[in-house]
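In terms of this note's numbering, the sequence shown opens at residue 7 and continues consecutively.
A virtual CB, placed ideally from N, CA and C, is assigned to each residue, including glycine.
Read through the structure below, which is laid out as structure tokens, and then see the notes.
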Amino acid sequence: MADRIVNFFIVYWSVLKPLIEISILWFVFFKIMIFFEGTRAGQVWKGIFILVLAFFLAQKLGLNTLDWILTKLFAISVVAIIVIFQPELRFGLARLGQPHLFGTGLKAEEIDELIRQLSMALAYLSQRRTGALIAIEREDRLKTYIDSGIEIDAKITPEFLETIFTPNSPLHDGGIVIQGNKVAAASCLFPLAQNPYLSHTLGTRHRAALGLSEETDAIVLIVSEQTGHISLATNGRLTQGLTREDLVQNLKSLFISPSQMAASGVKM
7 MADRIVNFFI
17 VYWSVLKPLI
27 EISILWFVFF
37 KIMIFFEGTR
47 AGQVWKGIFI
57 LVLAFFLAQK
67 LGLNTLDWIL
77 TKLFAISVVA
87 IIVIFQPELR
97 FGLARLGQPH
107 LFGTGLKAEE
117 IDELIRQLSM
127 ALAYLSQRRT
137 GALIAIERED
147 RLKTYIDSGI
157 EIDAKITPEF
167 LETIFTPNSP
177 LHDGGIVIQG
187 NKVAAASCLF
197 PLAQNPYLSH
207 TLGTRHRAAL
217 GLSEETDAIV
227 LIVSEQTGHI
237 SLATNGRLTQ
247 GLTREDLVQN
257 LKSLFISPSQ
267 MAASGVKM
């Protein structure tokens, strides 16, 4: 029996090996494309994937001239990629170096209460066109950004958030960070998005929200002081013009798994 299995692999390994290699390459590039999606690096990865696939096929099919050209091209491209995409690579390495814990540490009913308080607070700020920038910590720790601001450790209420973000208040500039179900710090500095394709109409708050969501898995909420519109940034993507109901649905989908909702009776 063992001999038959060994013979099978000897006979079919020449067929299986390329399939395994292609599958691994496809998986790696797919993950990289997802990671850099929404950045300028993401616009280039598809082209790089095509070049790598052409290089792989040239080697397998014995196309020596094409193989030689692509080999020289890759040698130059490695240096070019490091120089051109230095910000994206820095963000990626910083993300890999962060400690990851398991979510917010809150139970489903506590998350539901957090979402209720946040939706009330943002609707309150939106009605008054009070600009706000709120980062909610998930698995990626936000200690670096908490340290850049003023630590508070306060309960989340609409009135408290309005006090923080009222123009001319001492903590108005910057954003706040929420850890668990409390405001951990205010007047925090967030990195601005590096994506050159962003609309020029986006203000500093929206760019800071996108920048933080590019570097971490934080959920970042924004209220525009010009329009009062509520926006949400996550994974480098911005969703604008949310109603209070839209905000609740988005937050629940980002925070609560279906199994948690079923166990706790939380409704979407």
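Asked: State the beta-bridge partners of Ala160 as determined by DSSP.; Found: Val189
Asked: Please state whether the Cβ-Cβ distance between Lys258 and Ile121 is less than 8 Å.; Found: yes
Asked: Using only the alpha-carbon positions, how far apart do Gln223 and Gln185 sit?; Found: What sits at residue 223 in the sequence shown is Asp, not Gln. The straight-line gap from Cα to Cα measures roughly 13 Å.
Asked: If you follow the beta strand (DSSP E) that Gln246 is part of, which residue opens it and which one closes it?; Found: Arg243 to Leu248
Asked: If I measure Cβ to Cβ from Leu112 and keep anything under 8 Å in the same chain, skipping five residues before and after, which residues do I get?; Found: Leu120, Gly186 and Asn187
Asked: Taking Ala214 as part of the alpha helix (DSSP H), name the residues at either end of that continuous run.; Found: Thr210 to Glu221
Asked: Ignore the nearest five residues each way along the sequence and tell me which others in Leu260's own chain have a CB closer than 7 Å to its CB.; Found: Ile225 and Thr240
Asked: From Ala190, Leu139, Thr233 and Ala60, pick the residue whose C-alpha is nearest to that of Glu168; which is it?; Found: Leu139
Asked: Going straight from the alpha carbon of Asp159 to that of Pro24, what length do you get?; Found: 56 Å
Asked: Whose C-alpha, out of Phe33, Ile28 and Tyr203, is nearest the C-alpha of Leu63?; Found: Ile28
Asked: Based on Cα-Cα distance, which residue from Val189, Ala215 and Ser193 lies nearest to Gln200?; Found: Ala215
Asked: Of the residues Leu124, Glu220, Gly234 and Phe33, which one's Cα is nearest the Cα of Gln255?; Found: Leu124
Asked: Among residues of its own chain, excluding the 5 on either side of Ser20, which ones have a beta-carbon nearer than 7 Å to its beta-carbon?; Found: none
Asked: From this set, Ser132, Phe80 and Thr71, which residue's C-alpha is nearest Ser237's C-alpha?; Found: Ser132
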